[in-house]
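**Q**
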Amino acid sequence: MNSDHGGPAPDPQMVRQAIHWLLRLNNDGGNARVQRQCATWRAADRRHELAWQRIQSLSQEVAGHYRAVPGAGLALETSAQRLDRRQALKLLGVVGLMGSTGWLGKDLEQWQQWSSDYATGVGERRTYTLPDGSQLQLNTRSAADLRFSTQQRLLSLKHGEILLTCQPDPQGRPLRVNNRDGLFEASQGRFALRQQDDCTRLSVARGQVAIYPARGGPLTWARAGQSWQVDSAGARQVAVPEMDLGAWADGLIVTRDMRLQAFLEELGRYRHGYLSCAADIAELRLSGVFRLDDTDKLLALLPQTLPVRLHSRTRYWVRLERSV
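Residue numbers (full-length UniProt numbering): 1 to 324.
1. Any idea which residues DSSP pairs residue 207 with across the strands?
2. Can you tell which of 171, 135, 162, 142 has the C-alpha that lies nearest to the C-alpha of residue 151?
3. Quick one: which unbroken beta strand (DSSP E) runs of 3-plus residues sit fully inside the UniProt domain "FecR protein" (117-209)? Chain order, please.
4. Go through its chain and collect everything with a Cβ distance to residue 249's Cβ below 6 Å, but skip five positions before and after it.
5. Roughly how many angstroms separate the alpha carbons of residue 263 and residue 322, rounded to a whole number?
6. Which two residues bound the contiguous alpha helix (DSSP H) that contains residue 267?
7. Going by CA-CA distance only, name the one from 258, 240, 49, 42 that's closest to residue 283.
8. On a CA-only basis, which of 18, 165, 277, 126 is nearest residue 57? Give me that one, please.
9. Taking residue 124 as the reference, which of 270, 314, 296 has the closest Cα?
10. Rounded to whole angstroms, how far is the Cβ of residue 145 from the Cβ of residue 156, which I believe are closer than 8 Å?
11. Rounded to a whole number of angstroms, what is the C-alpha to C-alpha distance between residue 77 and residue 22?
12. Going by the DSSP bridge assignment, what does residue 321 pair with across the sheet?
13. At the level of alpha carbons, what is the spacing between residue 176 and residue 182?
14. Report yes if the C-beta distance between residue 147 and residue 169 is below 8 Å; otherwise report no.
15. Residue 213 bridges to which residues according to DSSP?
16. Alpha carbon to alpha carbon, how far is residue 293 from residue 122?
17. For residue 55, which residues from the same chain have a beta carbon less than 7 Å from its beta carbon, with the 5 sequence-adjacent residues on both sides left out?
18. For residue 221, count neighbouring Cβ atoms within 10 angstroms of its own Cβ and tell me buried if that reaches 16, exposed if not.
19. Which residue wins for smallest C-alpha separation from residue 289, given the options 228, 40, 254?
Written as structure tokens, this is what we have:
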């Protein structure tokens, strides 16, 4: 298998070792003995050098990516010598969100959970009050970092989904959220952000949000009642989203003519194990309001509205098939 950077993908075990050495150098880069040990490790096996070069390349890519986002330069220590162990882990966690790192994404997502200021596991939803009185809600499998200072109010969304209720700031600092796809800025109001594999989705409940796409494009204003998608092509408004982005904060999934396969993928974010459907029912459509508190009960209700049946080997292996 090839990586997006070209050439064979590094062995995951070699990558973990490369990250270990990068962290040691970040913490004690002036130590000649550590430098010699790292050089010896790199020279011992060509796979070591491949993993090392890939990690170096990706960390530089992330630093450059965030320097291109307005205001994000204040959020990152770009000098590796000034990164402590926790900061280095956070930087590498952001690497896991880049599209070129599918070969390491799962491991890095676990590290993000460990190293983040705010994080949730599978099926968890949490609410936090920020230092300025704003409210941050995290959906299942989400992680974010806080970067408040006298110059800025900044959150970094590492993965997953948040709902942010912004309080006005006496110092006039806008509240900003940055992630892989751009920077989102509001003075007050309420909006939801969801980072998906190929894009970030924004839904504004109150106020307005400025969108600065990470890969260029004009400044765009998203207003109350609007939904937007931000990706490598820029920002565009979504006329009728198939799902209410912020409904999870009330423990709900609210769908409009949503494909069954997409619905199951969404539901799978809230539970452990395998959940899928047969290809011949994947395009069935589903509209309604569904409670997230008990996903087993929710699944059991689907045969009442769709021509499907549940095939369960265990609670953690469920497949929907067409009913006879």
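A virtual CB, placed ideally from N, CA and C, is assigned to each residue, including glycine.
**A** Once the coordinates are examined:
1. Partner(s): 189.
2. Between residue 151 and the set 171, 135, 162, 142, the nearest pair of CA atoms involves 171.
3. Within the UniProt domain "FecR protein" (117-209), the complete beta strand (DSSP E) runs of at least 3 residues fall at 126-129, 135-138, 143-148, 153-166, 175-179, 182-186, 189-195.
4. Hits under 6 Å: 137, 163.
5. Straight-line spacing of the CA atoms in residue 263 and residue 322 works out to 16 Å.
6. Start and end: 260-268.
7. Checking every option, the nearest Cα to that of residue 283 belongs to 258.
8. Nearest to residue 57 by C-alpha distance, out of 18, 165, 277, 126, is 18.
9. Distance check between residue 124 and each of 270, 314, 296 places 270 closest, using alpha-carbon atoms only.
10. 4 Å between Cβ atoms; contact.
11. With a pLDDT of 34 at residue 77, under the threshold of 50, the modelled position of that residue is not reliable, and no figure is offered here.
12. Under DSSP, residue 321 forms a beta bridge with 309.
13. The straight-line gap from Cα to Cα measures roughly 10 Å.
14. No, the Cβ-Cβ distance between residue 147 and residue 169 is not below 8 Å.
15. According to DSSP, which records beta bridges pairwise, residue 213 is partnered with 182.
16. Computed Cα separation, rounded: 13 Å.
17. Same-chain partners within the cutoff: 15, 18, 19, 22.
18. Its Cβ having fewer than 16 others within 10 Å, residue 221 is exposed.
19. Considering only alpha carbons, the answer is 254.
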